[in-house]
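Protein chains: 2
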Amino acid sequence: MVRVKCIIKYDGSQFSGFQIQPKKRTVQGLLEQALTKMHKGKPVRIQASGRTDSGVHAKGQTIHFDSPYDIPLYNWKQALNTLLPNDLYVKQVAFASDTFHARYDVVEKEYRYYVWNEKEPDVFKRNYAYFFPYSLNIEAIQKACGYLEGTHDFTTFSSAKASAKGTKQRTLYAVSCGKQGSEIEFIFRGSGFLYNMVRIIVGVLLDIGQGRRQPSEIHDLLAKKDRRLVGETVPPEGLYLWNVRYGEVD
Amino acid sequence: MVRVKCIIKYDGSQFSGFQIQPKKRTVQGLLEQALTKMHKGKPVRIQASGRTDSGVHAKGQTIHFDSPYDIPLYNWKQALNTLLPNDLYVKQVAFASDTFHARYDVVEKEYRYYVWNEKEPDVFKRNYAYFFPYSLNIEAIQKACGYLEGTHDFTTFSSAKASAKGTKQRTLYAVSCGKQGSEIEFIFRGSGFLYNMVRIIVGVLLDIGQGRRQPSEIHDLLAKKDRRLVGETVPPEGLYLWNVRYGEVD
Chain A
1 MVRVKCIIKY
11 DGSQFSGFQI
21 QPKKRTVQGL
31 LEQALTKMHK
41 GKPVRIQASG
51 RTDSGVHAKG
61 QTIHFDSPYD
71 IPLYNWKQAL
81 NTLLPNDLYV
91 KQVAFASDTF
101 HARYDVVEKE
111 YRYYVWNEKE
121 PDVFKRNYAY
131 FFPYSLNIEA
141 IQKACGYLEG
151 THDFTTFSSA
161 KASAKGTKQR
171 TLYAVSCGKQ
181 GSEIEFIFRG
191 SGFLYNMVRI
201 IVGVLLDIGQ
211 GRRQPSEIHD
221 LLAKKDRRLV
231 GETVPPEGLY
241 LWNVRYGEVD
Chain B
1 MVRVKCIIKY
11 DGSQFSGFQI
21 QPKKRTVQGL
31 LEQALTKMHK
41 GKPVRIQASG
51 RTDSGVHAKG
61 QTIHFDSPYD
71 IPLYNWKQAL
81 NTLLPNDLYV
91 KQVAFASDTF
101 HARYDVVEKE
111 YRYYVWNEKE
121 PDVFKRNYAY
131 FFPYSLNIEA
141 IQKACGYLEG
151 THDFTTFSSA
161 KASAKGTKQR
171 TLYAVSCGKQ
181 GSEIEFIFRG
191 SGFLYNMVRI
201 IVGVLLDIGQ
211 GRRQPSEIHD
221 LLAKKDRRLV
231 GETVPPEGLY
241 LWNVRYGEVD
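Chains A and B supply the protein sequences, listed in that same order.
Residue numbering for the first sequence follows full-length UniProt numbering, starting at 1 and increasing by one per position.
Residue numbering for the second sequence follows full-length UniProt numbering, starting at 1 and increasing by one per position.
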C-alpha cells in the first residue's frame, strides 16, 4: 500500500460542498468515484484537511488516500484529472509516509475571503466574491484584524450548530485586509478554524468597516463567548480555502 | 409608446445563447419574460444588436423594446434587475427615438477574446477564457492582426453555416493582441462581424502564434474566400461582446 497525498483546487459554485452526500454533486463524491474507477470498482475513501460548505472554493485543499497501485506520480495526476470534471483539478500528487493524515497533521490553514465593493453587481463575479455595495473604512477593519490575531476562544465567532465538544480555542497567526480597486481581500492564517468562523468574522469586520461597531469591540466580543452578539454569516461565494500547511515530517 | 434602449451584460456560461428557444434558458427568453411580467402578461418583444452563441459572454450588448409605460429611467433599470437572475444584468437604460433600432443602427461593434495560456488549466477560468497550453509568438500574431485590419471579404473566416445571402465584406477598424501574465487578449473593432468570424480568426491567429502559418498568409487566405482552408472555430467561453456603438443620432 502507498499513501498518496494530493493538493486539489475546485470552483465550489457547482458543488453541494466537499462532503459526500447521496445524490448530490460533491467534491469528495467525485474524487472517490474517480479513484474507485481507477481501482476497478474497489471502493477508495479519501481524507481531507477539512470540509468546505456548498459554494466555497479551494485553491489548495489537501487530501490523502491509500492504494495498492505502484504508479508514478505524474501518471496519478494525469489519470485523476482525466476522470474529473473541469471544475475540480488535482494540482499536485506526492507520496506520503503511511502515518501522514490530511486532517490530523495540519499545522496551519489559510483562508481568504473576497468582497466585491462596487455600487453595482458584476455578473462575472457573482459566484466568486461577495457583492457588498456600501462604503467601508478599511483602516478601521485593519485595526480590528490586529485584535483578532493570537490565541483566543472563538465561541462568539463560530456557528451555534458547531459540535459542542472540544475547545473553541484557536490561534490566528495573521489576519489582514487590503483593498485593490473594487476588490477587498481578507487573509486568515491560523492553527485551525471553527465551523463558519471566517464567514462570521468577515461579517463583523464589515460591520466595523461601516462604522456600526468600533474595532476595540473585538476584545469584548471574544470575552463574552456568545454567538448571538454578532450578525449574520456572510455568504459562501467569497470564501476560498487557500492553502494547508503540514509539518516537515511528511 | 416609448422606445427603451438598454445596455446589458451577461455571463454566457449558463445560457443556451441569446436567441429565444422553446424550453431553453436564453438571454432573450429571460428578458422578454421579465418585460412581459412588468406589462401584466402582455407580450413584449426585444431587438438586440445581434445574437451571441451558447457560452459567449457580453459586457455591453444593446437591446431595445417599446412600452406604453411612462416610467422614469432609474425605475426601469431597477424593476428589470429585480426580475432578472444574477447572471444577467441591465447596466444602463435610456429612452431612444422611435426610429432607433438596436440591430440596424449599429455603427461599430467590439469583441474581445481571452486565452488562458498556461501549462495547467485553472478551474476558475474554465468558463471565461480558452485554455491553450502551447507557447505562442505574440509578435507574429500582432503582425497578422495588422493584415486583418481594413475592408475585406471575410468568407474564409466565417461559418459555412452562415446565410448565403448578402455580402461577406466587412471592415475591421482595429485588431490587436496583447499578453499580460498568462492571459492573452484579442480585441476586434469592426463595422460588423459574420457568423463565427471572431472565433475562426482567433483559431488562425493561434496557428500563426505556434508557427504553423506565417502572418503573411492572411492576405492569401482572405483572397481565396474558402472556409475549408482554415482550422477549427475556437470555443465560445473566451468570447465577449464587449461594446456596441451607435451614431450620434440616438
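Beta carbons: idealized from backbone N, C-alpha and C, even for Gly.
All of these numbers come straight from a predicted model, not from anything done at the bench.
Check	Outcome
Contact residues within the region 80 to 91 of chain A, judged by C-beta distance below 9 Å to chain B	N81, N86, D87, L88, Y89, K91
Rounded separation between E185 of chain A and L88 of chain B - CA only	25 Å
Neighbour list for V123 of chain B in chain A, Cβ cutoff strictly below 8 Å	K9, Y10, D11, N86, D87, L88, Y89
Interface flag, E110 of chain A vs chain B, CB-CB below 7 Å	no
Buried versus exposed call for E139 of chain B [16 or more other C-beta atoms within 10 Å across all chains shown]	exposed
Partner residues on chain B for Y128 of chain A, Cβ-Cβ distance less than 9 Å	F124
Supposed contact pair V115 of chain A and G238 of chain A - C-beta distance, whole angstroms, cut 8 Å	6 Å
Three-state secondary structure assigned by DSSP to S13 of chain A	helix
Cβ distance (whole Å) where K9 of chain B is taken to contact K59 of chain B below 8 Å	5 Å
Contact under 7 Å by Cβ, E149 of chain B with W242 of chain B	no
Rounded separation between D250 of chain A and I7 of chain A - CA only	Bear in mind that the predicted position of D250 of chain A carries a pLDDT of just 45, short of 50, making it unreliable; the figure below should be weighed with that in mind. Distance between the alpha carbons of D250 of chain A and I7 of chain A: 14 Å.
DSSP beta-bridge partners of S176 of chain A	A:I187
Close beta carbons around Y240 of chain B, own chain, < 8 Å, minus the five adjacent residues each side	V56, H57, A58, K59, Y111, R112, Y113, Y114
Proximity below 7 Å, CB of H64 of chain A to CB of K161 of chain A	no
Assigned exposure category for N75 of chain B - 16 Cβ within 10 Å defines buried	exposed
Own chain, CB closer than 8 Å to G209 of chain B, minus 5 neighbours either side, in chain order	L136, N137, I138, A140, I141
Selected residue, minimal CA-CA separation from I20 of chain A, among A:T171, A:Q92, A:T52, A:N117	A:T52
Three-state secondary structure assigned by DSSP to A34 of chain B	helix
contact_flag[the region 216 to 228 of chain B, the region 96 to 111 of chain B] where n(CB pairs < 8 Å) is 3 or more	no
Opening and closing residue of the beta strand (DSSP E) in which Y240 of chain B lies	239 to 246
Nearest-angstrom beta carbon gap, V93 of chain B and L73 of chain B [assumed within contact, 8 Å]	5 Å
Whole-Å CB distance - R170 of chain B paired with L194 of chain B, under 8 Å assumed	7 Å
Alpha-carbon spacing of V198 of chain A relative to F18 of chain A, whole angstroms	17 Å
Which residues DSSP lists as bridging L113 of chain B, in chain order	Just to set this straight, residue 113 of chain B is Tyr in the shown sequence, not Leu. Answer by DSSP bridge pairing, in chain order: B:F186, B:L239.
Continuous beta strand (DSSP E) stretch holding G150 of chain A: start and end	150 to 153
Neighbourhood of V107 of chain A by C-beta, 8 Å cutoff - its chain only, sequence neighbours within 5 removed	S191, R245, Y246, G247
F132 of chain A - DSSP class collapsed to helix/strand/coil	coil
Endpoints, beta strand (DSSP E) assigned at H64 of chain A	57 to 67
Nearest-angstrom Cα separation, counted from L229 of chain A out to P236 of chain B	48 Å
Same chain, Cβ closer than 6 Å to F132 of chain A, neighbours up to 5 away in sequence not counted	V115, N117
Reduced DSSP category for I7 of chain A - H, G, I as helix; E, B as strand; rest coil	strand
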